[in-house]
Amino acid sequence: MSGESSLKVLAAYVKPHRGILVAGGLLGLVGSAAGLAMPLLAKYVVDAFGENSSMAGPLLGLTIAVLVGAVVSAGGTYLMERTGEGIVLGARRRLVDRMLRLKVADVDRLKPGDLLSRVTGDTTLLRSVLTNGIVDSIGAVFMLVGAIVMMALMDGVLLLVTLLVVVVIGGMTALVMPRIQKAQHQAQEAVGEMGAVLDRALQAFRTVKASGAEEREVEVVGAAAEQARDRGLQVAGWTSLAGVSTWMAVQIAFLCVLAVGGARVASGALEVSGLIAFLLYLFYLVAPIGQLVEGAVQLQNGLAALRRIREIEDLPGEPVSLAAPVGSDPVGVRFEDVVFRYGEDRAPVHDGVSFEVPPGGLTALVGPSGAGKSTVFALIERFYEHQEGLITVGGRDIRDWPLGELRATLGYVEQDAPVLAGTLRENLLFAAPEATEEDLRRALTRTRLDDLVSRLPEGLETAVGHRGVLLSGGERQRVAIARALLRRPRLLLLDEATSQLDAVNELRLREVIAEVAAETTVLVIAHRLSTVTNADRIVVMESGGVRAVGTHEELVGGDDLYRELAATQFLVS
Ligand SMILES: Nc1ncnc2c1ncn2[C@@H]1O[C@H](COP(=O)(O)OP(=O)(O)OP(=O)(O)O)[C@@H](O)[C@H]1O
Numbered sequence: 001m002s003g004e005s006s007l008k009v010l011a012a013y014v015k016p017h018r019g020i021l022v023a024g025g026l027l028g029l030v031g032s033a034a035g036l037a038m039p040l041l042a043k044y045v046v047d048a049f050g051e052n053s054s055m056a057g058p059l060l061g062l063t064i065a066v067l068v069g070a071v072v073s074a075g076g077t078y079l080m081e082r083t084g085e086g087i088v089l090g091a092r093r094r095l096v097d098r099m100l101r102l103k104v105a106d107v108d109r110l111k112p113g114d115l116l117s118r119v120t121g122d123t124t125l126l127r128s129v130l131t132n133g134i135v136d137s138i139g140a141v142f143m144l145v146g147a148i149v150m151m152a153l154m155d156g157v158l159l160l161v162t163l164l165v166v167v168v169i170g171g172m173t174a175l176v177m178p179r180i181q182k183a184q185h186q187a188q189e190a191v192g193e194m195g196a197v198l199d200r201a202l203q204a205f206r207t208v209k210a211s212g213a214e215e216r217e218v219e220v221v222g223a224a225a226e227q228a229r230d231r232g233l234q235v236a237g238w239t240s241l242a243g244v245s246t247w248m249a250v251q252i253a254f255l256c257v258l259a260v261g262g263a264r265v266a267s268g269a270l271e272v273s274g275l276i277a278f279l280l281y282l283f284y285l286v287a288p289i290g291q292l293v294e295g296a297v298q299l300q301n302g303l304a305a306l307r308r309i310r311e312i313e314d315l316p317g318e319p320v321s322l323a324a325p326v327g328s329d330p331v332g333v334r335f336e337d338v339v340f341r342y343g344e345d346r347a348p349v350h351d352g353v354s355f356e357v358p359p360g361g362l363t364a365l366v367g368p369s370g371a372g373k374s375t376v377f378a379l380i381e382r383f384y385e386h387q388e389g390l391i392t393v394g395g396r397d398i399r400d401w402p403l404g405e406l407r408a409t410l411g412y413v414e415q416d417a418p419v420l421a422g423t424l425r426e427n428l429l430f431a432a433p434e435a436t437e438e439d440l441r442r443a444l445t446r447t448r449l450d451d452l453v454s455r456l457p458e459g460l461e462t463a464v465g466h467r468g469v470l471l472s473g474g475e476r477q478r479v480a481i482a483r484a485l486l487r488r489p490r491l492l493l494l495d496e497a498t499s500q501l502d503a504v505n506e507l508r509l510r511e512v513i514a515e516v517a518a519e520t521t522v523l524v525i526a527h528r529l530s531t532v533t534n535a536d537r538i539v540v541m542e543s544g545g546v547r548a549v550g551t552h553e554e555l556v557g558g559d560d561l562y563r564e565l566a567a568t569q570f571l572v573s
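For the sequence shown, UniProt numbering assigns the number 1 to the initial residue and increments by one for each residue that follows.
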């Protein structure tokens, strides 16, 4: 992102809040004006002291200026912080909205922990650009200009000396700014990487423990944390270099003004009270110059964060699925010479896949691991786009289906972790929030979950634990099927659980599949002999192609691979 375009993007975030921002800014300015008046009022106090006249008036003025300055500045700061929170909220909503609409292929590339850090950490950084970066800088500019005007009124020569020093040191500071932005971007990337490795360890928590890999994982996350610290130190180094320049500018200017001012007082060109007031104004420059430098640093940090936020927002999004399918008849699916590779440089996973599933009934996909069975589902759902050939659902090219309508037509049951945290009811209603109690009851009966529900302490309101760990493998899969059925799919894609099921669960799952296949089209990636023996047709896949199609009896007689699959570990008998 170029400097100009990132500032434009920043402006887009700020725009909805500009009313409050202006009000807060104005309060800040009034506060600054009250602050600016103080040295002048101090001069009156000193003059009144010298002239032996009453100090009551000037002292009262000074008190009022202090009080007004304090109250108004506090109000301004609150409004700014409030706006900052509003901007973070807006940025988070937009970012999360985009994340959940990203294409599967893009999410494969990105790491979940890193995505999380963009929503939490980077958006927070963005806020500091606004509160410290923009607003304080505007107040600081006002203070700076005001102080300079007042100093010009006091003594032009001394002002010239001051400005010379400030401009030279300010120019040097500006050179540091791009380095701060670069270091900050790297620091945020390191934080994202740390989130990603930690996420990896937490996702595979049981495996980490079972493998005795706790210490090694702690090392890996620790190394990422050290990376983040190192990058953070770089930012700190550049930032303190920028900060010290403020101090230097004022100290050097002070010495120069003292020398030149002293000479001017001696020559009678300037009064002592004038020199005192000038020096007070000079110290007034410390805060605004400091704020400007700080503001510039914050701006660099915020722009670095903005770059990371935009990296996600600039990725293409997808439309969301409709709540319910259009139509209710079962639909068939057809693959015709489909060629698909996961990346341009990858070997094809499907290399001319052709098969046809007519509407209704049960079709089983079988084949050795890596044959491309799950990829068939991913292509039908359009998680990825096939490169050659034709895929039709209900006789219509899937590229011609509006994506939301296509996905609403399909039910999809994943093999792994198909249950989400929350209650059983929340899980069932996940894909069809509008389903009635009657629909729910029917889905539970069809998936033979009704006795499970009656056994659970709180029935449908029972929490199922993170990823449904409180349910057995077979129950999880049936919950996932019930969830898919509540959407009334016209084609159910079911990736059968590979886990061993007890006899009761196995029987129930078989009954459920047979019953559903009587009403709609079911395409199942089969891992059980019982499923394939019941199937109307079986598609045997091998190394990215379809090797044979037929019923169990036909294939056992006619296909060596199938016979082997049916007899060995690929199908759980
Ligand atoms: N998201 C992905 N990115 C890159 N390659 C992938 C992706 N998903 C699968 N693959 C590769 O595609 C090939 C086919 O995978 P697929 O999951 O379709 O096979 P499968 O027949 O379903 O195997 P299994 O029965 O073991 O699940 C595998 O070699 C796998 O490494």
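Glycine included, every Cβ here is placed at the ideal spot set by N, Cα and C.
Item                                                                                                                                                   : Value
Please report the distance separating the alpha-carbon of Arg341 from that of Phe377.                                                                  : 14 Å
Output the boundary residues of the beta strand (DSSP E) element that contains Arg547.                                                                 : Gly545 to Gly550
In whole angstroms, what is the alpha-carbon distance linking Gly25 and Val168?                                                                        : 29 Å
Alpha carbon to alpha carbon, how far is Pro178 from Glu294?                                                                                           : 14 Å
Is there contact between the segment 536 to 552 and the segment 393 to 407, where contact requires at least three CB pairs shorter than 8 Å?           : no
Please confirm whether Thr533 and Leu492 have their CB atoms less than 8 Å apart.                                                                      : no
What do you reckon, is the C-beta of Ser321 under 7 Å from a heavy atom of ligand 1?                                                                   : no
Please classify Met150 as buried or exposed, where buried requires at least 16 neighbouring CB atoms within 10 angstroms.                              : buried
In this structure, does DSSP put Met80 in helix, strand or coil?                                                                                       : helix
Which residue or residues does DSSP assign as beta-bridge partners of Val339?                                                                          : Asp351 and Glu388
Can you list, in chain order, the residues of its chain whose CB lies under 6 Å from that of Ile289, leaving out five sequence neighbours each side?   : Thr246
Measuring only the C-alpha atoms, how far is Glu475 from Arg508?                                                                                       : 10 Å
DSSP on Ala463, reduced to helix/strand/coil?                                                                                                          : strand
For the beta strand (DSSP E) that contains Ala364, what are its first and last residues?                                                               : Leu362 to Val366
Restricting to Cα atoms, I'd like to know which of Gly156, Leu233, Ala567 and Ala183 is closest to Gly367.                                             : Ala567
Does the beta-carbon of Glu226 have 16 or more other beta-carbons within 10 angstroms, so that it is buried, or is it exposed?                         : exposed
Within this structure, are the beta carbons of Val30 and Leu21 separated by less than 8 Å?                                                             : no
What residue range does the alpha helix (DSSP H) around Gly25 cover?                                                                                   : Arg18 to Gly50
Measuring only from the beta carbon, is Asp108 closer than 7 Å to any heavy atom that is part of ligand 1?                                             : yes
Out of Ala236, Leu282 and Ser128, which one is the CA nearest neighbour of Ala253?                                                                     : Leu282
Cβ atoms of Thr123 and Ile309: under 8 Å apart, would you say?                                                                                         : yes
Taking the alpha-carbon positions, what's the Tyr78 to Val72 distance?                                                                                 : 10 Å
DSSP has Met541 in a bridge; who is on the other side?                                                                                                 : Val546
Do the CB positions of residue 626 and Thr447 come within less than 8 Å of each other?                                                                 : Here the chain covers residues 1 to 573 and nothing more, so residue 626 does not appear.
Name the DSSP beta bridge partners of Ile525, please?                                                                                                  : Leu365 and Asp495
Could you have a look at Thr207 and say whether DSSP puts it in helix, strand or coil?                                                                 : helix
Please go through the segment 57 to 122 and give each complete alpha helix (DSSP H) segment of 4 or more residues, from N-terminal end onward.         : 104 to 109 and 112 to 117
Who are the near neighbours of Ala484 in its chain, counting only those whose CB is closer than 7 Å to its CB and skipping five residues on each side? : Gly411, Tyr412, Val413, Ala431 and Leu492
Can you tell me whether DSSP reads Ser573 as helix, strand or coil?                                                                                    : Reliability of the predicted coordinates at Ser573 is poor, the pLDDT of 46 falling under 50, and the value obtained from them is presented with this limitation in mind. Ser573 falls in the coil class under three-state DSSP.
In its own chain, which residues sit with a C-beta less than 6 Å from the C-beta of Ser573, not counting the 5 before and 5 after it?                  : The predicted model places Ser573 with a pLDDT of 46, which falls under 50 and marks its position as unreliable; any figure quoted below should be read in that light. Within the same chain, Ser573 has close Cβ partners Leu529.
Taking the alpha carbon of Val197 as the point to measure from, which residue in Glu496, Leu153 and Asp114 has its own alpha carbon closest?           : Asp114
When the Cα of Arg488 is compared with those of Ala435, Asn505, Arg467 and Ile525, which residue comes out closest?                                    : Ala435
Can you tell me whether DSSP reads Arg396 as helix, strand or coil?                                                                                    : strand
Is the Cβ-Cβ distance between Val45 and Met38 less than 8 Å?                                                                                           : no
Using the Cα positions of Phe278 and Ala74, report the straight-line distance between them to the nearest angstrom.                                    : 27 Å
Whole-angstrom Cβ separation of Asp329 and Pro358, contact assumed at under 8 Å?                                                                       : With a Cβ gap of about 12 Å, Asp329 and Pro358 do not count as contacting.
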